[in-house]
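Visitor: My questions all concern the structure below.
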Amino acid sequence: MIEKSPFHRGNRMTPKRQQQTENRRGQIVEAALACFIASGFHQTGMRDIADAAGVSLGNLYNHFPNKQALIAEIAAMEALEKQNLIDTLAADPASPAVRDFAERYLRLCERPEDVSLTAEVLAEAARDAELARLFAANRRRLASALADALRRGAEQGDIDNGLPFAACAHWLLDALEGCAVNRVLLGAQLDDADISALIDKLLSPAGGKR
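Going by this note's numbering, the sequence shown opens with residue 4, and the numbers climb by one from there.
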């Protein structure tokens, strides 16, 4: 007789069991991420993930019913990481907060695993509308928070570049992400000083004064 899972016994789990479950889920997600980066979303199967995680296929399905659920979990993890950046943008005054954000975001985007994941997301997005929706939603939230910070900076008299706030936010994100991809995948170097000059241009203060 198959024992009912703890979720069927009044949805109660002991703290120790809950921690074990969370650890196992984390182990599976890390393995899935490594598989996706190595082989791509499309080519990776659930058995590949189970083997990489060191769990049985049945145990994997107990935690994640399909590959899409794993992709959604990875997107949720990315959203949580980007929330930390969004919190940075909430600081005042806005102009230094945006500069701090830009530096931190570039370093985040330059992590090899992030560059590889971004490349896989872009490649798979044309085939998987749900995947595209999940990761696009993360970026929209980030761009919206950045646009709000730029607007606050303009209201505070520190930012006056004449550009629409939403467009400026997307351009800045595009520039930082593109720079990271070129550095990691192509070895193309754009000096930090050049990046700072771009940020300075986008954050030109009112009257041209600093």
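Virtual Cβ for every residue (Gly too), placed ideally from N, Cα, C.
Specify the secondary structure class of Arg-130 as computed by DSSP and reduced to three states.
Guide: Residue numbering aside, residue 130 sits at position 127 when the sequence shown is read from its first letter. In this structure, Arg-130 counts as coil in the three-state DSSP scheme.
Visitor: Label Gly-156 either buried or exposed according to how many other C-beta atoms from any shown protein chain fall within 10 Å of its C-beta, with 16 as the threshold for buried.
Guide: Reading the sequence shown from its first residue, position 153 is the one you call residue 156. Buried is the call here.
Visitor: For the alpha helix (DSSP H) containing Met-80, name the first residue and the last one.
Guide: Translated into positions along the sequence shown, residue 80 becomes position 77. Judged by DSSP secondary structure, Met-80 falls within the alpha helix (DSSP H) whose first and last residues are 70-92.
Visitor: Ordered along the chain, which non-local residues of its own chain (more than five positions away) have a Cβ less than 8 Å from that of Arg-102?
Guide: Sequence index remark: in the sequence shown, residue 102 carries index 99 (1-based). Residues of the same chain with a CB within less than 8 Å of the CB of Arg-102, apart from the 5 flanking positions on each side, are Ile-202, Leu-206 in chain order.
Visitor: Apply the 10 Å Cβ neighbour rule to Ala-146 and answer buried if 16 or more other Cβ atoms are within range, or exposed otherwise.
Guide: What you label residue 146 is simply residue 143 of the sequence shown in a count that begins at 1. When all chains shown are included, Ala-146 counts as buried.
Visitor: I want to see whether chain D comes within less than 8 Å of Asn-65, judged by CB atoms only; does it?
Guide: Looking for chain D here will not work: only one protein chain is present.
Visitor: Can you tell me which of Thr-47, Phe-104, Glu-113 puts its alpha carbon nearest to the alpha carbon of Arg-186?
Guide: In the sequence shown, residue 186 corresponds to position 183, counting from 1. The residue with the shortest Cα to Cα distance from Arg-186 is Glu-113.
Visitor: In the DSSP assignment, the alpha helix (DSSP H) including Thr-24 goes from what residue to what residue?
Guide: Locating residue 24 in the sequence shown gives position 21, where the first residue counts as 1. Where Thr-24 is concerned, the enclosing alpha helix (DSSP H) stretches over 18-42.
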